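Undergrad: Supplied in structure tokens, the structure appears directly below.
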Amino acid sequence: MTQNSRTPRSVYSRPVWPDRAMLWRWHFFAGLFCLPFVIMLCVTGSLYLFKPQIETWLDRHIDHAVTQGSPQTVSAQRDAALAAVPGGHFLALEMPFRKTQATRVLVAHGADVARVYIDPVTLRVLAQRDEQTRFERLVFRLHGQLLIGNWGSVIMEMVASWTLVLIVTGLLLWWPRKAGAGGTILPRLSAKNRLFWRDLHAVGGMWISLVLVLFLVSGLPWSFVWGSAFAAVESRIGRLVAVQDWEIGAVPIAATLSGHATMPGMSDAEMAGMAMDAAPQPMSPQGGLDAVYETARQLAFPAPTLITPPASAKDVWHIRSDAQNRPKRVEASVTAQGEVTHVTRFADKRLSDRLIGYGVAFHEGHLFGVLNLLLNLIVALLLTLASVAALMLWLRRRRPGHLDAPQNSPRPIGWGALAVMGVMGILLPELGASLLLLALAGRFLGGRFSALR
């Protein structure tokens, strides 16, 4: 009688961690949300790895049209570009890295920027492109903003947050429960049907999980919510450098090119006004752009190198490297006579800015040369295969007209998991907000939500 009257301990105690059924369910729904975006990120990220090569190939017919001969002054080339864009003002000049190359002059008009290609010998306009619709800019904006600005950045930040959940739950499900390398650290490629797709998904995902976490974390400074919060904290404690090496959310292209990409949340109209206010005052033909250009040629910063004019007659010109390998970037302040007054190198930045710079360079595949590029390409390929394998596993199991999600576990989530989710929700605000919404849905929808299958 006494034995029968005992209440099981599980009634009073909450488990520390969720059971396998709950992990399956969380992994499934996180994957269902993230999968289309992850495949898109793999494709666009792989394209962006070859940004310099693709840009050179797309502009090849323009550079081939350059006339052979002695080039005219750079200021004359700038004036020719300004004449091609009525109402525009000089924003920047991109230094050519080959002798037989058209001069790229960036001209701002309103909130837009035109890239004007000038024949340096004849001053003929060879082409004119909207900077925001160039191929690499479209890929960049699709990758981080879905081409819809800050709302797209918010969506992609949520995708990154839930991809971290996907990785954690996936590793817990993968964790070996028996000896043997097959299906654990090596995929059984000779297996058939479900076992083949399972190994391709689980083993492939395991191998790339660490690098994928680095990708996701290094991409957060670009996002609108997390990046803006980080910039606000850095500004408050006085550690943020004047010019960042990355864009926070959807920054107008004029701000990026002029070196003012540290203003998240400013509207295009405001940035357009800023760009107009920043129009350079007239300089003497021999003492302005021409002298600065000669200094830039002697400095030979890593390409691509941009020359940007002063905001006023009392200000200075700027020469800066926009190399994708951030540690190689350098910026110089130069007078209208071509005298260098100050040089800022990557090593001069604060530790937090250097860490983000390393992360961005790694993310873009340029931190340690060809090996970095190959690593990123392999990770993108394996992640695509793992995503396709997950899709195949689901489609093979799913009944027509049914979602066929894993059954909900009757056990509580576990206080350890709740603590981890709380910390992640604070560090990743969008994850925290979505978890709160899910909790409210479970509270008010009750069994209909938990029984979703």
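All the letters of the sequence shown, read from the start, carry residue numbers 10 to 462 under this note's numbering. Glycine included, each C-beta is placed from N, C-alpha and C at the ideal position. From a predicted model like this one, the values you see are computed outputs, not experimental measurements.
(1) Between the alpha carbons of A211 and G441, how many angstroms are there, rounded?
(2) Counting only the same chain and skipping the five closest in sequence on each side, list residues whose C-beta sits under 6 Å from that of K60.
(3) Report, in whole angstroms, the separation of the C-beta atoms of I217 and L391, which I expect to be a contact under 8 Å.
(4) What number of angstroms, rounded off, separates the C-alpha of L402 from the C-alpha of R69?
(5) Please list, in chain order, all residues of the same chain as F453 whose beta carbon is under 6 Å from its beta carbon, the five residues on each side excluded.
(6) From the DSSP output, which residues share a beta bridge with H70?
(7) Quick check: what's the CA-CA separation for S340 versus L102?
(8) When you compare only the Cα positions, how much space is there between H327 and T393?
(9) Does DSSP classify R452 as helix, strand or coil?
(10) Who are the Cβ neighbours of M285 in its own chain at under 6 Å, not counting the five residues just before and after it?
(11) Looking at the structure shown, is R354 part of a helix, part of a strand, or coil, going by DSSP?
(12) Taking only the alpha-carbon atoms, compute the straight-line gap between R480 and L266 and give it to the nearest angstrom.
(13) State the Cα-Cα distance for the pair G258 and G158, rounded to the nearest angstrom.
(14) Applying the criterion that 16 or more other CB atoms from any shown protein chain within 10 Å of the CB defines a buried residue, is R245 buried or exposed?
(15) Look up I176 in the DSSP assignment and say whether it is helix, strand or coil.
(16) What's the call for P319, buried or exposed, on a 16-neighbour Cβ count within 10 Å?
(17) Tell me which same chain residues have a C-beta within less than 6 Å of the C-beta of Y57, skipping the five on either side of it?
(18) Among the candidates R335, H98, P129, whose CA atom is the shortest distance from the CA of S227?
(19) Which residue marks the beginning of the beta strand (DSSP E) containing L315, and which one marks its end?
(20) At what residues does the alpha helix (DSSP H) containing R329 begin and finish?
(21) In chain order, what residues of the same chain lie with their CB nearer than 7 Å to the CB of G153, ignoring the 5 residues before and after it?
(22) Can you tell me whether DSSP reads M272 as helix, strand or coil?
(23) What is the DSSP secondary structure of V116, counted as helix, strand or coil?
(24) Verify whether the separation of the beta carbon atoms of T314 and R338 is less than 8 Å.
(25) Identify which residue in G40, A117, R113 has its Cα closest to the Cα of S263.
(26) Hey, how far is the Cα of P291 from the Cα of A322?
(27) For G297 and A123, what's the separation of their Cα atoms in angstroms?
(28) Could you give the DSSP three-state label for F99: helix, strand or coil?
(29) Would you call the stretch 374 to 383 and the stretch 343 to 352 touching, i.e. three or more CB-CB distances under 8 Å?
(30) Going by DSSP, name the residue or residues bridged to Q333.
(31) For the alpha helix (DSSP H) that contains L360, what are its first and last residues?
(32) To the nearest angstrom, how far is it from the Cα of R29 to the Cα of L412?
(33) Who are the near neighbours of V25 in its chain, counting only those whose CB is closer than 7 Å to its CB and skipping five residues on each side?
(34) Measure the alpha-carbon distance for I194 versus V388 and round it to whole angstroms.
(35) Do you know whose CA, among L155, L156, A90, lies nearest Y126's CA?
(36) Classify S443 as helix, strand or coil using the three-state DSSP reduction.
TA: From the atom records:
(1) A211 and G441 have their C-alpha atoms some 27 Å from each other.
(2) Excluding positions up to five away in sequence, the list reads E145.
(3) With 8 Å as the limit, I217 and L391 qualify as a contact, their Cβ atoms being about 5 Å apart.
(4) Within the model, the alpha-carbon separation for L402 versus R69 is close to 44 Å.
(5) No residues qualify anywhere along the chain.
(6) Residue pairing by DSSP places H70 in no beta bridge whatsoever.
(7) It should be pointed out that residue 340 corresponds to Glu in this sequence rather than to Ser. Between E340 and L102, the C-alpha separation is close to 14 Å.
(8) If I take the Cα positions, the gap works out to 42 Å.
(9) Here R452 carries a helix assignment [DSSP, helix/strand/coil].
(10) Confidence in M285 is poor, its pLDDT being 35 and thus under 50, which makes the residue's placement unreliable; the coordinate value appears in the next sentence. Once the five neighbours on either side are set aside, M285 has no close Cβ partner at all.
(11) Assignment of R354 by DSSP, reduced to helix, strand and coil, places it in the strand class.
(12) Here the chain comprises residues numbered 10 to 462, so residue 480 is not present and cannot be evaluated.
(13) Distance from the CA atom of G258 to the CA atom of G158, rounded to whole angstroms, is 7 Å.
(14) Exposed is the call here.
(15) It is helical.
(16) By the neighbour-count rule (16 or more Cβ atoms within 10 Å), P319 is buried.
(17) Taken in chain order, the residues that qualify are V148.
(18) Across the set R335, H98, P129, the C-alpha of R335 shows the shortest separation from the C-alpha of S227.
(19) Run containing L315: 314 to 317, per the beta strand (DSSP E) assignment.
(20) First-last for R329: 326 to 330, but that is the beta strand (DSSP E), not the alpha helix (DSSP H).
(21) Excluding positions up to five away in sequence, the list reads S162, M165, W231.
(22) For M272, the pLDDT reaches just 40, beneath the cut-off of 50, and the residue's location in the model is therefore unreliable, although a value from the coordinates is still provided. It is coil, neither helix nor strand.
(23) The answer is strand: DSSP assigns V116 an E or B state.
(24) No; because the gap between Cβ atoms is not below 8 Å, this pair is not in contact.
(25) Residue 263 is actually Ala in this sequence, not Ser. Comparing alpha carbon positions, the residue from G40, A117, R113 closest to A263 is A117.
(26) Low confidence applies here, because P291 scores a pLDDT of 40, under 50, leaving its location unreliable and the question unanswered by this model.
(27) In a straight line, the C-alpha of G297 is about 22 Å away from that of A123.
(28) Three-state DSSP puts F99 in a strand.
(29) Counting Cβ pairs under 8 Å, fewer than three are found: no touch.
(30) Beta-bridge partners assigned by DSSP to Q333: none are found.
(31) Segment 360 to 372, the alpha helix (DSSP H) holding L360.
(32) Taking the straight line joining both Cα atoms gives about 19 Å.
(33) Excluding the 5 residues flanking it on each side, V25 has same chain C-beta neighbours closer than 7 Å at G423, W424, G425, in chain order.
(34) The straight-line gap from Cα to Cα measures roughly 16 Å.
(35) For Y126, the nearest C-alpha among the options comes from A90.
(36) It is helical.
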